[in-house]
Amino acid sequence: MSGALLVTESRVAVVTDLGRARGPALGLPVNGALDQYSARVGNILVANDEGAPIIEVTAFDLAFTADADVLLAVTGAPMGVRVDGVPRPMWEPVSVRAGQSVSLAGMTEGLRTYVAVHGGFDVPLLLGSCAPDTVAGFGTVLAPGTALPVRRSIDPIVNPYFDMSLFNLDVLVPYLGGDAIIDVTDGPDAEQFAGTADRLLREPFTVTAKSNHIGLRLTGDLPVRRSTEEVISRGVPVGAVEVPPGDELLVLHRGRGVTAGYPVLAVVAPLSLDDLGQVRPGQRVRFRHSTVEQAERNARLWRDRLDALRQRIGTIYSCLGVAAQLGLPEAVPSAAADHTIAWEVHS
Amino acid sequence: MNGIEIAPCGPAALRVTGVSGDRERDWRTVHHLARGLAAEAPAGYLGSIPTYESVLVEFDALATTGARIRSVVDALLDAIDADAPLSERPRRFTVPVVYGGEHGPDLDDVARLTGLDAAEVVRLHGEPTYTVRCLGAPGGSPMLDGPAFPVPVPRLASPRTSVPVGAISVAGRQATLTPAVAPGGWCVIGRTPLRVMDLTQEPPVPYRPGDTLRFRAIDDAEFARLDGAMLRAEEVLA
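Protein chains in written order, with the UniProt record's numbering: chain A, 1 to 347; chain B, 1 to 238.
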């Protein structure tokens, strides 16, 4: 059985995923969730593939009514989550019954919040991805009145003792306040900024209001490009730090045009790109020098954490007896099988 | 392979640049490499952006490492025949263009900056049979070698916030047309009435690297007649 989320309030919210991997070779940016960690965790919490379609809410409140029983999780920038007016936690699975209304309100810090629903959403794909592309004019934008089809309904899962939290997994929650510390590695054209490249690392930069999913523009003490030769267009990586003419630093994000003619001073590490997906205009950014090897180690650590989380989630859903309903393997590790049964499944 | 430089771009990309001194050879090399990687699809490989003489190879830092991708790149480079053409039978495209006026607001500036008159700029732009070097931003633009202007064309000091679909533009020693509305810093010298992007197709643009493209000057009446038609490859008699 499937259903839909009926959107009642939305200002800037879209359905996205981890990005259009086939796009860049064809001249289209990768796009996708700007905080990939939060998007991946959201999908893991509701037993989805990490790349399943997910709602990305930017800055403004969102409200919808579910017309079927759904299992959802809210991750990313902190917002007040309520189901029929009752506060519910973020970073945990939340069971919502048909007819209940869900509201996300009052984002206090950070910029992007994610709503994952078990089964994902039925939305149009372009080159295998639902990620919006503002240049190509593609994507699923949520507006009041939108009925967003949910692929799979899931019977309510209830904790009979408190009817509050299904389970708390102690997920690592990113801290989004204060100055953002952003790891960068040397770019392939760093030598073109000889003598001033380290300005990037010395003083903090301030994010300006012209920042978006294509790139962040920051003010500060800018490195100066020494060469003036025309650079012929070439592929630029997501995370490229450039100094275009003008008085701002440009950090390209996932909506970046895939080719450009500016030298690449530095490249933001993948995990720090998630942090840049959460910084607000006016917030300060401190760049910290890293090496490719260190950035690779951090990425592997992240991968291990996500894998461990998926395993714990699978174990818990098995213990709750809902693994089959969620499409998960039934195998229950013996150690975990002993602490079951505290909760029941209402069908 | 000699004449190649490989530089890491963070932990999720490598830039492979041909430095053989032979631009045609470097161009073929990086496009053959991109196709080889797509065919081999090593674990964690995401895709490549081949351009004129370099290719950005992208991969998932959570699933593989630069060293692993590098070893696949090295093996492919050893096996590539850099003399082999990208396409045995390039397709041909002709793009009708209204030059100057409201459709080409920078035509007179380009003439001034290159020391030519506007008619000469149009003539030089319409003269060559261009090779589609690569697909670029925005939206799969066909990136071309520029016309034989005496000097490179500077980019606009202040980029436009919105360049319309079909804009025909030049910058540096490059030329292109714009499949989708986007900001842009290139000089717009004309506009085609044809649409080039179709999101129901893969790829969404009809040309690919190695195909050829010509521009043909038209008047406003023909612009109105062709407005909104799709750009298609010409029929080639076998």
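Note that beta-carbon positions come from the ideal geometry of N, C-alpha and C, so glycine has one too.
Per-residue contacts from A:V267 into chain D (C-beta, under 9 angstroms) | No chain D appears in this structure, whose protein chains are A and B.
Do you know how far the Cα of B:G66 is from the Cα of B:V192?
-> Looking up residue 192 of chain B in the second sequence gives position 192. Looking up residue 66 of chain B in the second sequence gives position 66. It is Thr, not Val, that sits at residue 192 of chain B in the sequence shown. Distance between the alpha carbons of B:T192 and B:G66: 42 angstroms.
Quick one: which chain A residues come within Cβ less than 7 angstroms of B:L113?
-> Looking up residue 113 of chain B in the second sequence gives position 113. Per Cβ cutoff of 7 angstroms: no residues; B:L113 is ~13 angstroms from chain A at best.
So, using beta-carbon positions, are A:G257 and A:N31 closer together than 8 angstroms?
-> As a position in the first sequence, residue 257 of chain A is number 257, starting the count at 1. As a position in the first sequence, residue 31 of chain A is number 31, starting the count at 1. Inclusion of A:G257 and A:N31 in the CB contact set at 8 angstroms is not warranted, their separation being larger than that value.
Residues of the region 221 to 235 of chain A whose Cβ lies closer than 7 angstroms to any Cβ of chain B, in chain order | Correct list: E230, I232, S233, R234, G235.
Between B:T212 and the rest of its own chain, which residues show a CB-CB distance below 8 angstroms, the 5 nearest in sequence each way excluded?
-> As a position in the second sequence, residue 212 of chain B is number 212, starting the count at 1. Annotation for B:T212: P90, R91, R92, F93, T129, Y130, T131, V132 place their beta carbon closer than 8 angstroms to its own, counting only its chain and skipping 5 residues before and after.
Distance between B:L76 and B:G18 (C-alpha atoms, nearest Å) = The residue given as residue 18 of chain B occupies position 18 in the second sequence. The residue given as residue 76 of chain B occupies position 76 in the second sequence. So the alpha carbons of these two residues sit roughly 14 angstroms apart.
Taking A:R310 as the reference, give the member of A:R217, A:P281, A:E50 with the closest Cα.
-> For the purposes of this step, residue 310 of chain A is identified with residue 310 of the first sequence, where counting begins at 1. The option with the nearest alpha carbon to A:R310 is A:E50.
Quick one, which residues of the region 243 to 277 of chain A are near chain B if we go by CB-CB under 9 angstroms, in chain order?
-> With the criterion set as a beta carbon lying under 9 angstroms from some beta carbon of chain B, the members of the region 243 to 277 of chain A are P244, P245, G246, R256, G257, V258, T259, A260, G261, V264, A266, V267, V268, A269, P270, L271, in sequence order.
Inter-residue spacing [alpha-carbon to alpha-carbon] between A:R288 and A:V184 = Locating residue 288 of chain A in the first sequence gives position 288, counting from the first residue. Locating residue 184 of chain A in the first sequence gives position 184, counting from the first residue. About 6 angstroms.
Neighbourhood of A:G120 by C-beta distance below 7 angstroms, restricted to the same chain and skipping five residues each side | For the purposes of this step, residue 120 of chain A is taken as residue 120 along the first sequence, with counting starting at 1. Answer for A:G120: N48, A52, P53, R151, listed in chain order.
Which residues in chain B sit within 8 angstroms of A:P53, going by Cβ to Cβ distance?
-> As a working mapping, residue 53 of chain A is identified with position 53 in the first sequence. Within 8 angstroms Cβ-Cβ: nothing; A:P53 doesn't reach chain B, min ~17 angstroms.
Counting only runs of 3+ residues fully inside the region 2 to 53 of chain A, write out the beta strand (DSSP E) ranges in chain order.
-> Within the region 2 to 53 of chain A, the complete beta strand (DSSP E) runs of at least 3 residues are 3 to 10, 13 to 16.
What is the C-beta distance between A:A73 and A:A131, in whole angstroms, given that I count them as a contact (C-beta under 8 angstroms)?
-> Counting from 1 along the first sequence, the entry for residue 73 of chain A is found at position 73. Counting from 1 along the first sequence, the entry for residue 131 of chain A is found at position 131. That pair is no contact at about 20 angstroms.
Under three-state DSSP, which class holds A:I182?
-> In the first sequence, counting from the first residue as 1, residue 182 of chain A sits at position 182. Reduced to three states, the DSSP call for A:I182 is strand.
Any chance the CB of B:L76 is under 7 angstroms from a heavy atom of the ligand COA?
-> This structure lacks the ligand COA; in fact it carries no ligand of any kind.
C-beta neighbour in chain B for A:A25, strict 8 angstroms = Numbered from 1 along the first sequence, position 25 holds the residue referred to as residue 25 of chain A. Answer yes: the Cβ-Cβ gap between A:A25 and chain B drops below 8 angstroms somewhere.
Can you find a CB in chain A that lies within less than 8 angstroms of the CB of B:T161?
-> The residue given as residue 161 of chain B occupies position 161 in the second sequence. Put simply, the CB of B:T161 is far from chain A, with every gap to its CB atoms at 8 angstroms or more.
Inter-residue Cα distance where the pair is B:V170 and A:L276 | Counted from its first residue, the second sequence places residue 170 of chain B at position 170. Counted from its first residue, the first sequence places residue 276 of chain A at position 276. The alpha-carbon atoms of B:V170 and A:L276 are separated by roughly 33 angstroms.
Considering only C-alpha positions, which residue in the set A:A147, A:V94, A:A63, A:T134 is nearest to A:G106?
-> Here residue 106 of chain A is taken as the residue at index 106 of the first sequence, counted from 1. Looking at the Cα atoms, A:A63 is the closest of the given residues.
B:A43 in three-state terms, based on DSSP | Along the second sequence, one-based indexing puts residue 43 of chain B at 43. If DSSP states are grouped into helix, strand and coil, B:A43 belongs with coil.
In or out: A:S129 buried (at least 16 other Cβ within 10 Å) or exposed?
-> Residue mapping note: residue 129 of chain A aligns to position 129 of the first sequence, counting from 1. A:S129 should be labelled buried.
Please determine if the region 106 to 113 of chain B and the region 181 to 188 of chain B are in contact, where contact requires at least 3 C-beta pairs separated by less than 8 angstroms.
-> Yes, they touch.
Which residue comes first and which comes last in the alpha helix (DSSP H) that contains A:P270?
-> Looking up residue 270 of chain A in the first sequence gives position 270. 270 to 276 is the extent of the alpha helix (DSSP H) around A:P270.
Between the Cα of B:V122 and those of B:G100, B:V153, B:L113, spot the shortest distance and give me the residue it belongs to.
-> For the purposes of this step, residue 122 of chain B is taken as residue 122 along the second sequence, with counting starting at 1. Among B:G100, B:V153, B:L113, the Cα nearest to that of B:V122 is on B:G100.
Kindly list the residues whose CB is nearer than 6 angstroms to the CB of B:P203, restricted to its own chain and excluding five residues on each side of it in sequence; keep chain order.
-> In the second sequence, residue 203 of chain B corresponds to position 203, counting from 1. Cβ neighbours of B:P203 beyond the five flanking positions: none.
By Cβ distance below 8 angstroms, which residues in the same chain neighbour A:Q283 in space, the five residues on each side in sequence not counted?
-> Within the first sequence, the letter at position 283 stands for residue 283 of chain A. Result list for A:Q283: D179, A180, T206, V207, in chain order.
Decide if A:V224 is buried, meaning its Cβ has at least 16 other Cβ atoms within 10 Å, or exposed.
-> Taking the first residue of the first sequence as 1, we reach residue 224 of chain A at position 224. Classification for A:V224: exposed.
The region 50 to 65 of chain B / the region 19 to 32 of chain B touching (three or more Cβ pairs under 8 angstroms) = Contact between the region 50 to 65 of chain B and the region 19 to 32 of chain B is present, because at least three Cβ pairs lie under 8 angstroms.
Of the choices B:F59, B:G36, B:L33, whose alpha-carbon is the least far from that of B:Y45?
-> Within the second sequence, numbered from 1, the residue matching residue 45 of chain B stands at position 45. Checked all of B:F59, B:G36, B:L33; the closest Cα to B:Y45 is B:F59.
Mind reading off the beta-carbon distance from A:V94 to A:V86? Whole number of angstroms is fine, and I expect it under 8 angstroms.
-> Stepping through the first sequence from its first residue, residue 94 of chain A is reached at position 94. Stepping through the first sequence from its first residue, residue 86 of chain A is reached at position 86. The C-beta separation of A:V94 from A:V86 comes to about 10 angstroms, leaving the pair out of contact by the 8 angstroms criterion.
Could you tell me which of B:R208, B:A229, B:R225 sits nearest to B:S87, measuring between CA atoms?
-> Counted from its first residue, the second sequence places residue 87 of chain B at position 87. Nearest C-alpha to B:S87: B:R208.
Assuming A:G80 and A:G110 make a contact with CB atoms under 8 angstroms, what is their CB distance in whole Å?
-> If you number the first sequence from 1, residue 80 of chain A lands on position 80. If you number the first sequence from 1, residue 110 of chain A lands on position 110. Incorrect: roughly 13 angstroms between the Cβ atoms, too far for contact.
Hey, would you say A:V241 sits closer than 8 angstroms to A:L265, going by beta carbons?
-> As a working mapping, residue 241 of chain A is identified with position 241 in the first sequence. As a working mapping, residue 265 of chain A is identified with position 265 in the first sequence. Judged by beta-carbon spacing, A:L265 lies within the 8 angstroms limit of A:V241, meaning their Cβ atoms are closer than that value.
Any idea if B:M197 is buried or exposed, counting beta-carbon neighbours within 10 angstroms, 16 or more meaning buried?
-> The residue labelled residue 197 of chain B in the question sits at position 197 within the second sequence. Counting other Cβ atoms within 10 Å of its Cβ, B:M197 reaches 16 or more and is therefore classed as buried.
Opening and closing residue of the alpha helix (DSSP H) in which B:C187 lies = For the purposes of this step, residue 187 of chain B is identified with residue 187 of the second sequence, where counting begins at 1. If you look at B:C187, you'll find it isn't in any alpha helix (DSSP H); it sits in the beta strand (DSSP E) that goes 187 to 191.
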